[in-house]
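Colleague:
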Amino acid sequence: MKKSIILSALFCLISVSVALAESTVGGSVTNEVKGDNITNSATGTESKANLGSVVMEGSKVGGSVTNKVDGKAITNTATGTQSEANLGAVTMENSKVGGSVTNSIEGKNLTNTATGTKSEANMGSVKMK
Numbered sequence: 000m001k002k003s004i005i006l007s008a009l010f011c012l013i014s015v016s017v018a019l020a021e022s023t024v025g026g027s028v029t030n031e032v033k034g035d036n037i038t039n040s041a042t043g044t045e046s047k048a049n050l051g052s053v054v055m056e057g058s059k060v061g062g063s064v065t066n067k068v069d070g071k072a073i074t075n076t077a078t079g080t081q082s083e084a085n086l087g088a089v090t091m092e093n094s095k096v097g098g099s100v101t102n103s104i105e106g107k108n109l110t111n112t113a114t115g116t117k118s119e120a121n122m123g124s125v126k127m128k
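Its first residue numbered 0, the sequence shown is counted upward by one per residue in numbering that gives the first Met the number 0.
1. Which residues in the same chain as S99 place their Cβ atom closer than 6 Å to its Cβ, once the five residues preceding and following it in sequence are excluded?
2. Ordered along the chain, which non-local residues of its own chain (more than five positions away) have a Cβ less than 6 Å from that of T65?
3. Please classify N93 as buried or exposed, where buried requires at least 16 neighbouring CB atoms within 10 angstroms.
4. Alpha carbon to alpha carbon, how far is A72 from G26?
5. Per the DSSP calculation, G62 is bridged to which residue(s)?
6. Within this structure, are the beta carbons of S22 and N85 separated by less than 8 Å?
7. Considering only the beta carbon of each residue, do T90 and T112 sit closer than 8 Å?
So this is what it looks like as structure tokens:
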């Protein structure tokens, strides 16, 4: 039983995610992550780490949203209080786009780290507020 819980928790940390809270997209949402040795972690109070994610809240896109991440040895970490790290992510909050949003990142040994209080690190990401 312990092994299945650990595997489930590990899968949640590195799985591709799409969250569309109170948002609309006129076209499609495509989110694709490929790679080896992918690590995504958030440690601390109210810290967030988004890797290969599409997160929309209160936003509207007339066209499509496309996000693609392809790489080896990818690490994205947020450590501290209210820290945020985005690597190969599309995050939109209360935003409006008439056309489409496209984000693509590819490479080897990609590392993105936000450390400290209210720190933020963005690499190969689209962030709109």
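All C-beta atoms, glycine included, are put in the ideal place defined by N, C-alpha and C.
Modeller: By the coordinates alone:
1. On the sequence shown, residue 99 is found 100 positions in, with the first residue counted as 1. Excluding residues within five positions, the ones whose Cβ falls inside 6 Å are G62 and S63.
2. By one-based count along the sequence shown, residue 65 stands at place 66. Counting only Cβ-Cβ distances below 6 Å, and skipping sequence neighbours, we find T29 and T101.
3. The residue given as residue 93 occupies position 94 in the sequence shown. By the 10 Å Cβ count, N93 comes out exposed.
4. Position 73 of the sequence shown, counting from 1, holds the residue named residue 72. Position 27 of the sequence shown, counting from 1, holds the residue named residue 26. Each residue's alpha carbon lies about 32 Å from the other.
5. What you label residue 62 is simply residue 63 of the sequence shown in a count that begins at 1. In DSSP, G62 forms no bridge with anything.
6. The residue labelled residue 22 in the question sits at position 23 within the sequence shown. The residue labelled residue 85 in the question sits at position 86 within the sequence shown. Result no, Cβ atoms of S22 and N85 do not sit closer than 8 Å.
7. Position 91 of the sequence shown, counting from 1, holds the residue named residue 90. Position 113 of the sequence shown, counting from 1, holds the residue named residue 112. Result no, Cβ atoms of T90 and T112 do not sit closer than 8 Å.
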